[in-house]
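The sequence shown begins at 83 in the working numbering and counts up by one. Data first, discussion second: the structure below is written as C-alpha cells.
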Amino acid sequence: MDRIRTLARCPLFKDFTETGLQILASIAIPRELPAGSPIFVENMLGDALYVIEAGNVSIRMKDPSGADRELVVLEPGSSFGELALVAQTPRMVSAVAATDVRVLEIRRHDFASLQRQKPQACLKLLLSISETFARELHENRDALRACLVQ
83 MDRIRTLARC PLFKDFTETG LQILASIAIP RELPAGSPIF VENMLGDALY
133 VIEAGNVSIR MKDPSGADRE LVVLEPGSSF GELALVAQTP RMVSAVAATD
183 VRVLEIRRHD FASLQRQKPQ ACLKLLLSIS ETFARELHEN RDALRACLVQ
C-alpha cells in the first residue's frame, strides 16, 4: 500500500504538498478488513480518521425504530470519520466494510503527537476537515430543513 498515493487521491488532502503528505503518511496505519466487518459503530467514541485505498465502505445510521439504514457507500479515495480528529465525541454513524477493504487509519492520539512536532501540516488538515464539514452541511441543508418540518 502506497500511503502517500492513497492520501493524495483523497479530496481532504488536495492542497497538500508531497512533504505534507509524507508527514501525515508517517502516522497512517494500513488496515485490511473483510466484507461485513465493522470499522466503527454508531455511538462509540471516535478515535480515528480513515481513507479508503481499495474496496467500498457502507455508512449507516439507526433509524428511530432501531433499524440500520444505509446512507451512502464510499469508494476508494474517500475519507470518513474526520471529526474524530477535531473532537473526541461519539460517532454519529456506523462504518462497515461493504466489500473487502483496505484503509489508512490516522488515530487521534498519533495526530495529537504530530501536532507538537509538525503543527503546520496538522493545521492544514484541520482546516480541510472544517471546510469539508461546512460544505457538506451546506449541501445537505434542504434535508435538514425537511427534518424540522416533520
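Note that CB positions come from ideal geometry on N, CA and C, so glycine has one too.
| Query | Result |
| --- | --- |
| Contact check, I134 vs P158, beta carbons under 8 Å | yes |
| N- and C-terminal bounds of the alpha helix (DSSP H) containing I109 | Careful: I109 lies outside any alpha helix (DSSP H) and carries neither H nor E. |
| Three-way DSSP call (helix, strand, coil) for P201 in this model | helix |
| Within 8 Å, strictly: CB atoms of E218 and Y132 | no |
| Touching by the beta-carbon criterion (3+ pairs, under 8 Å), the segment 165–174 and the segment 102–115 | no |
| Pick from A130, T88, R173, A117 that is closest to K234, judged by C-alpha positions | The requested residue 234 does not occur in the structure, where the chain is confined to residues 83 to 232. |
| Check whether G128 and A179 have beta carbons under 8 Å apart | no |
| Contacts around A90, its chain only, beta-carbon distance under 7 Å, and the 5 residues preceding and following it disregarded | L103 |
| From K200, S176, A228, residue whose alpha carbon lies closest to that of V139 | S176 |
| Closer than 8 Å to chain B by CB, R142 | Here there is only one protein chain, and chain B is not present. |
| Start and end residues, beta strand (DSSP E) containing A179 | 176–179 |
| Among G148, V185, R151, the one whose alpha carbon lies nearest that of F234 | Nothing can be reported for residue 234, as the shown portion of the chain is limited to 83 through 232. |
| Under 8 Å between C-beta atoms of R85 and A130 | no |
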